[in-house]
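Peer 1: I'd like to ask you about the structure that follows.
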Amino acid sequence: MVTDAASCAPGGPVRLTAYSHGAGCACKLSPTELGQVMAGLTPARSPDLIVGREHGDDALVWRRPDGRALVATIDVFTPIVDDAATWGRIAAVNAGSDVFAMGGRPLFGLAFAAWPRERLPLTLLTEVLEAGQAAANDGGWVVAGGHTIDGAEPLYGQAVVGELDPERMLRNTQGRPGDTLVLTKPLGTGLVTTAVKRRPPEAHGPGGELAGAYAAAVAEMTRSNGDAAQAALACGTRAGTDVTGFGLLNHLREVLLASGVAARLDAAAVPRLPGVADLLARGEVPGGTQRNLAHVRDHLELAAGVDEGQLVVLADAQTSGGLLLAVPARAAAVDLVAQLTDGGHTAAVIGELTDGPSATIQIVA
1 MVTDAASCAP GGPVRLTAYS HGAGCACKLS PTELGQVMAG LTPARSPDLI
51 VGREHGDDAL VWRRPDGRAL VATIDVFTPI VDDAATWGRI AAVNAGSDVF
101 AMGGRPLFGL AFAAWPRERL PLTLLTEVLE AGQAAANDGG WVVAGGHTID
151 GAEPLYGQAV VGELDPERML RNTQGRPGDT LVLTKPLGTG LVTTAVKRRP
201 PEAHGPGGEL AGAYAAAVAE MTRSNGDAAQ AALACGTRAG TDVTGFGLLN
251 HLREVLLASG VAARLDAAAV PRLPGVADLL ARGEVPGGTQ RNLAHVRDHL
301 ELAAGVDEGQ LVVLADAQTS GGLLLAVPAR AAAVDLVAQL TDGGHTAAVI
351 GELTDGPSAT IQIVA
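Heads up: the sequence shown begins at 1 in UniProt numbering, then just goes up one per residue.
This is the structure:
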C-alpha cells in the first residue's frame with residue numbers, strides 16, 4: 001500500500017485503491033494456498049447439504065422441506081477502483097454472481113465492510129453501502145442487514161442467499177465430453193485494474209490512455225450474470241461456473257476435476273477487453289494472475305503458436321467475471337451466444353470438453 005500522503009492530491013478525491021494491497025478478486029489466496037488450507041479442514045456433513053465445498057462449486061446448496069433448495073455464498077474484497085460507489089456496485093454484483101452461477105435466484109443479502117476509520121471518511125463507506133444495496137435491488141435481492149468493523153484496509157462484500165430447483169442446477173460436476181464451452185464476458189479486468197492502480201488518475205480519466213479500457217472493464221464488472229445463467233438453463237446447460245479470482249484456466253480446471261474430463265481451448269476465440277495487448281507488452285500483470293498461471297501451468301498442453309501473453313490472459317484474475325458454461329450441444333451453444341450478444345454481452349464459443357486425460361487443458365492458438 002502507498003502512504004496516505006500519496007493516496008490523493010491536496011483537496012482532490014481519495015484514491016481507494018491506494019489503501020489496499022491488492023485489487024478486487026486478485027487479493028484472494030492463490031489456488032495453491034487455498035488448497036493447502038482446505039486440505040486441513042474436516043468435511044461438512046449433513047443429509048440436507050446437497051452441494052458443499054468438495055468440488056469447488058460457487059455456492060452451497062441446502063435442501064428445503066418443500067423440495068426446493070437454498071443457495072448461499074459470500075464474497076468480500078478490497079477496492080478495485082477508486083470511486084466508492086463504483087466499487088460498491090462491482091462488489092455486490094460479484095457477490096450475487098455465485099448464486100446465478102449455480103442457476104439460482106437471489107433473495108436477500110447481508111453486507112460486510114471493514115473500514116480504516118481514522119484514515120478514510122465514513123461518508124465514503126455510506127457511498128459504498130448505498131451503491132451495493134442499489135446493485136442488489138437491480139439484481140433482484142434485498143440487503144437486509146450486515147456487519148462492519150474497523151480495519152487496516154477497506155473491505156466490502158455480501159453474503160447472498162437465494163433459491164433454486166435442485167433438479168436444474170449449474171454444477172462443476174456435470175460436464176461431459178462433447179460439451180461446448182461458452183464464455184459470457186471478456187477477460188482482462190485484472191490487467192486493466194492493475195494498470196489503473198499503478199498510474200495517476202489522469203490515465204483513466206477523460207482522454208487518458210487507459211480511459212477506454214477502464215470504461216469497458218467497469219461496464220463488464222457491473223454487468224449481472226443473471227440473464228446469462230437463465231438463458232443457459234433454458235438451453236439445457238447443467239455445468240458451469242463463474243470466472244473470478246483464479247482466472248479462466250483454474251476455474252475451468254475445477255470443472256474438469258469435478259467432472260472427470262479434459263478440455264480443448266481455442267485461445268484466439270477467447271474475448272478480451274480493449275487495451276489488453278498493450279498492457280501485456282508493458283508488463284502490467286497482477287501478482288494474483290502470475291500465481292494463477294504458476295498453479296495451472298503443469299496441467300496445460302500447448303499447441304504450436306501459443307504464446308506467454310495468451311496464457312497470462314487466460315489466467316488473469318477476474319473480478320465479477322462472466323460465466324463459463326459447458327453446453328451439451330454445439331448448435332445450442334451457438335444460439336446461446338447469439339442470444340447473449342443481442343442482449344449486450346460479449347459472449348463466445350471458446351472450446352469444448354473432451355475425453356482426454358482428466359483435468360488436462362489443451363490450448364490451441
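Glycine included, each C-beta is placed from N, C-alpha and C at the ideal position.
Among 335, 301, 284 and 144, which one has its Cα closest to the Cα of residue 192?
Peer 2: It is 284 whose Cα lies nearest to the Cα of residue 192.
Peer 1: Would you identify the three-state DSSP class for residue 304, choosing helix, strand or coil?
Peer 2: Residue 304 falls in the coil class under three-state DSSP.
Peer 1: Examine chain D for any beta-carbon lying closer than 8 Å to the beta-carbon of residue 345, and answer yes or no.
Peer 2: Here chain D cannot be found, since the structure has a single protein chain.
Peer 1: Bridge partners of residue 156, per DSSP?
Peer 2: Paired residues: 77 and 113.
Peer 1: In or out: residue 46 buried (at least 16 other Cβ within 10 Å) or exposed?
Peer 2: So residue 46 ends up on the exposed side.
Peer 1: Identify, in the order they occur along the chain, each residue of the same chain with its Cβ nearer than 8 Å to the Cβ of residue 29, setting aside the five sequence neighbours on each side.
Peer 2: Cβ neighbours of residue 29 beyond the five flanking positions: 37.
Peer 1: Do you know offhand how far residue 381's Cα is from residue 170's?
Peer 2: Lying outside 1 to 365, the shown extent of the chain, residue 381 is not represented and no answer is given.
Peer 1: Within this structure, are the beta carbons of residue 71 and residue 164 separated by less than 8 Å?
Peer 2: Going by C-beta atoms, residue 71 is nearer than 8 Å to residue 164.
Peer 1: Apply the 10 Å Cβ neighbour rule to residue 241 and answer buried if 16 or more other Cβ atoms are within range, or exposed otherwise.
Peer 2: Answer is buried; the Cβ neighbour count reaches 16.
Peer 1: Considering only DSSP beta bridges, list what residue 106 is partnered with.
Peer 2: Its beta-bridge partners are 162.
Peer 1: What did DSSP end up calling residue 175 once you bin it into helix, strand or coil?
Peer 2: Three-state result, residue 175: coil.
Peer 1: Look up residue 70 in the DSSP assignment and say whether it is helix, strand or coil.
Peer 2: Strand, per DSSP.
Peer 1: Which one of 166, 15, 175 and 363 has the shortest CA to CA distance from residue 261?
Peer 2: Ranking the options by Cα distance to residue 261, first place goes to 175.
Peer 1: On the three-state DSSP scale, how would you describe residue 16?
Peer 2: Residue state, collapsed to three classes: helix.
Peer 1: Buried or exposed: where does residue 307 fall if 16 or more other Cβ atoms within 10 Å of its Cβ makes it buried?
Peer 2: Looking at its Cβ environment, which holds fewer than 16 other Cβ atoms inside 10 Å, residue 307 is exposed.
Peer 1: Is residue 292 near residue 225, with beta carbons less than 8 Å apart?
Peer 2: Cβ distance not < 8 Å, so residue 292 and residue 225 don't count as in contact.
Peer 1: Residue 253 by DSSP, collapsed to three states: which one?
Peer 2: Three-state result, residue 253: helix.
Peer 1: Taking only three categories from DSSP, how would you classify residue 87?
Peer 2: Residue 87: helix per DSSP, three-state reduction.
Peer 1: Do the region 353-360 and the region 202-213 meet, that is, are 3 or more Cβ pairs less than 8 Å apart?
Peer 2: Touching, no, given that fewer than three Cβ pairs across the two stretches are closer than 8 Å.
Peer 1: Going by the beta-carbon positions, is the gap between residue 349 and residue 303 smaller than 8 Å?
Peer 2: Not closer than 8 Å, so no.
Peer 1: Around the C-beta of residue 90, are 16 or more other C-beta atoms found within 10 angstroms, so that it is buried, or is it exposed?
Peer 2: Buried.
Peer 1: I'd like the span of the beta strand (DSSP E) that includes residue 362, first residue to last.
Peer 2: It spans 361-364 - the beta strand (DSSP E) in which residue 362 sits, taken as one unbroken run.
Peer 1: Alpha carbon to alpha carbon, how far is residue 272 from residue 66?
Peer 2: Approximately 43 Å between the Cα atoms of the pair.
Peer 1: Suppose you measure from the CA of residue 127 to the CA of residue 156; what does that come to, to the nearest Å?
Peer 2: Cα to Cα, residue 127 sits roughly 12 Å from residue 156.
Peer 1: Give, in chain order, every unbroken run of the alpha helix (DSSP H) that is at least 4 residues long and sits entirely within the region 230-289.
Peer 2: Qualifying alpha helix (DSSP H) stretches, in chain order: 247-259 and 276-281.
Peer 1: So residue 340 and residue 231 are in contact, right, with Cβ under 8 Å, and what is the actual spacing, rounded?
Peer 2: Correct: roughly 6 Å between the Cβ atoms.
Peer 1: Would residue 153 be called buried (16 or more neighbouring beta carbons within 10 Å of its own) or exposed?
Peer 2: The residue is buried, with at least 16 neighbouring Cβ atoms inside 10 Å.
Peer 1: Can you round the beta-carbon distance between residue 296 and residue 253 to whole angstroms, since I take them to be within the 8 Å contact cut?
Peer 2: Confirmed, about 6 Å.
Peer 1: Please classify residue 53 as buried or exposed, where buried requires at least 16 other C-beta atoms within 10 Å of its C-beta.
Peer 2: It counts as exposed.
Peer 1: Taking residue 87 as the reference, which of 218, 266 and 309 has the closest Cα?
Peer 2: Checking every option, the nearest Cα to that of residue 87 belongs to 218.
Peer 1: Indicate the three-state DSSP secondary structure (helix, strand or coil) for residue 340 in the structure shown.
Peer 2: Here residue 340 sits in helix by DSSP.
Peer 1: Distance, Cα to Cα, residue 275 vs residue 255?
Peer 2: Taking the straight line from one Cα to the other gives about 29 Å.
Peer 1: Quick check on residue 68: buried or exposed, where buried means 16 or more other Cβ atoms within 10 Å of its Cβ?
Peer 2: Burial call: exposed.
Peer 1: Using the Cβ count rule (16 or more neighbours within 10 Å means buried), how would you classify residue 13?
Peer 2: It is exposed - the Cβ of residue 13 has fewer than 16 other Cβ atoms within 10 Å.
Peer 1: Out of 49, 103 and 133, which one is the CA nearest neighbour of residue 85?
Peer 2: The option with the nearest alpha carbon to residue 85 is 133.
Peer 1: Could you give the distance in angstroms between the alpha-carbon of residue 235 and the alpha-carbon of residue 327?
Peer 2: Taking the straight line joining both Cα atoms gives about 8 Å.
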